[in-house]
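Written out below as structure tokens is the structure these notes cover.
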Amino acid sequence: MIKNYLYKYIFSFVVLGAIQGITSNPLFAQDDFGYDLSVAGETKLAKGLKIEVEASMRTQDDAKKIDRYVVGAELSYRLFQTNDKKFDIKANAGFEYLWQNKLGKTTDDYIFYDDEEEGKLWGSTTTKKYWRNRFRINPGFSLSYTPNKRWSFGLKETVQYNHYNKATRENLLYRPYLINDDDEWITKEPEYEEMYKEPIYYTTTKELKSKDRVVLRSKLSATYDIKNFPIDIFASVEYGCGLNYTKNKWKYTAGYDYKINKSNKVSVYYRYNRENDELDTNGHIIGLGYKFKF
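Residues in the sequence shown are numbered consecutively from 1, following the numbering used here.
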């Protein structure tokens, strides 16, 4: 009885941690929304050795545009298991390739003078959307504890190496405030009206160099198998910390697996991503996945 209360406490801790992480975000109402659809297959290669392959697609911009396509595979090998099979340790190694769509955006441009604290608006820059591909290599290990038929807990540690390919990004510059005879940008004041020309649009191109990012990802999860019902409910909290850069990311997930039979199941979940990188958008994700054994 005491153990059962302890398991429920751990599960509640994971769920409440996810809720707290979501609702504490001051920009909650401004976050993005998207769907994540995936298909995965798993098979046993040898005793203790399994391989899983997966393909997925995610949307962004309130589910109106594609965010990414992903294909990948992961090997897992059981290093240790107790005689009662309640506790085991596995080594994992995975590879993923991603095609990611970077959406365009427009920002205002300001010009500053020495005697001014606030700049004057003098145009805008529109970054056009572009695709940037990358691949991931994911070595790590996982611990799992299954005290009974109902409860299961897990901890997964992964060192994720990301290699971003080169890409070309185009910017459209708009300059409504025009150039005087000395090729200087001037503000739209009446005394300069005779110097005005037509507003100017022009395009610049920036070549993005390839780059590498290494992240340590830690995931704590809990699962409960509902008795006499083909559904397992689960929740997890994941933290990613940059090892060669200073950004971090949280993932809070809750959902359920519907077991069609021993070889097929469908997963439905809600996930909230929270990042401290201003270039990436925090977001809500509704996920639907199908997994089968072959």
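Just so you know, even glycine gets a beta-carbon here, dropped at the ideal spot from N, CA and C.
All figures in this text were calculated on a predicted structure; none of them were measured in a lab.
Reduced DSSP category for residue i - H, G, I as helix; E, B as strand; rest coil
i, result
"Pro139", "strand"
"Phe33", "strand"
"Leu103", "coil"
"Glu275", "strand"
"Asn92", "strand"
"Tyr245", "coil"
"Asn148", "coil"
"Glu118", "coil"
"Ser24", "Note on Ser24: pLDDT 49, under 50, position unreliable in the model; no value is reported."
"Asn228", "coil"
"Lys129", "coil"
"Lys65", "strand"
"Asn282", "coil"
"Tyr270", "strand"
Opening and closing residue of the beta strand (DSSP E) in which residue i lies
i, result
"Ile260", "248 to 261"
"Thr59", "49 to 60"
"Gly154", "151 to 164"
"Thr204", "200 to 208"
"Thr223", "211 to 225"
"Thr168", "167 to 175"
"Glu238", "231 to 242"
Paired residues, beta bridge with residue i - DSSP
i, result
"Gly123", "Asp109"
"Asp84", "Bridge partners of Asp84: none, in fact."
"Lys291", "Ala40, Lys265"
"Leu75", "Ile51, Ala93"
"Leu98", "Val70, Arg134"
Same chain only: Cβ atoms within 8 Å of residue i, ignoring 5 sequence neighbours per side
i, result
"Thr106", "Ser124, Thr125, Thr126, Thr127"
"Asn244", "Asp212, Arg213, Val214"
"Pro230", "Tyr258, Lys259, Ile260"
"Leu103", "Gln60, Asp61, Lys65, Lys129"
"Thr168", "Tyr130, Thr205, Lys206, Glu207, Leu208"
"Asp32", "Gln60, Asp61, Asp62, Thr281, Asn282, Gly283, His284"
"Asn248", "Tyr239, Gly240, Cys241, Gly242, Glu275, Asn276"
"Tyr174", "Gly123, Ser124, Thr125, Thr126, Pro199, Ile200, Tyr201"
"Arg132", "Gln100, Lys102, Tyr164, Asn165, Ala167, Leu208"
"Lys262", "Lys293"
6 Å Cβ shell around residue i - same chain, five flanking residues per side excluded
i, result
"Val266", "Tyr258, Tyr290"
"Ile285", "Gly34, Asp36, Arg271"
"Ser76", "Lys50, Lys90, Asn92"
"Asn138", "Gly94, Thr158, Gln160"
"Ser144", "Asp88, Gly154"
"Asn228", "none"
"Ser152", "Thr146, Thr223"
"Ser56", "Ser38, Val70"
"Tyr269", "Thr253, Gly255, Gly287"
"Val53", "Gly41, Ala73"
Local Cβ density within 10 Å of residue i, reported as buried at 16 or more and exposed below that
i, result
"Tyr110", "exposed"
"Ser221", "buried"
"Leu98", "buried"
"Tyr201", "exposed"
"Phe234", "buried"
"Ser210", "exposed"
"Glu238", "buried"
"Lys251", "buried"
"Asn273", "buried"
"Thr253", "buried"
"Thr203", "exposed"
"Thr223", "buried"
"Glu194", "The predicted position of Glu194 is uncertain, since its pLDDT is 49 and thus under 50; a value taken from the coordinates is nonetheless stated next. Glu194 is exposed by the Cβ-count criterion."
"Asp108", "exposed"
"Asp84", "exposed"
"Phe294", "exposed"
Own chain partners of residue i with C-beta closer than 7 Å, once the 5 adjacent residues on each side are dropped
i, result
"Asp225", "Lys149, Arg150, Asp232"
"Asn264", "Phe292"
"Leu45", "Ile51"
"Lys156", "Gly140, Ser142, Lys219"
"Ser24", "Annotation note: pLDDT 49 at Ser24 (below 50); position unreliable, coordinate value reported separately. No residues qualify anywhere along the chain."
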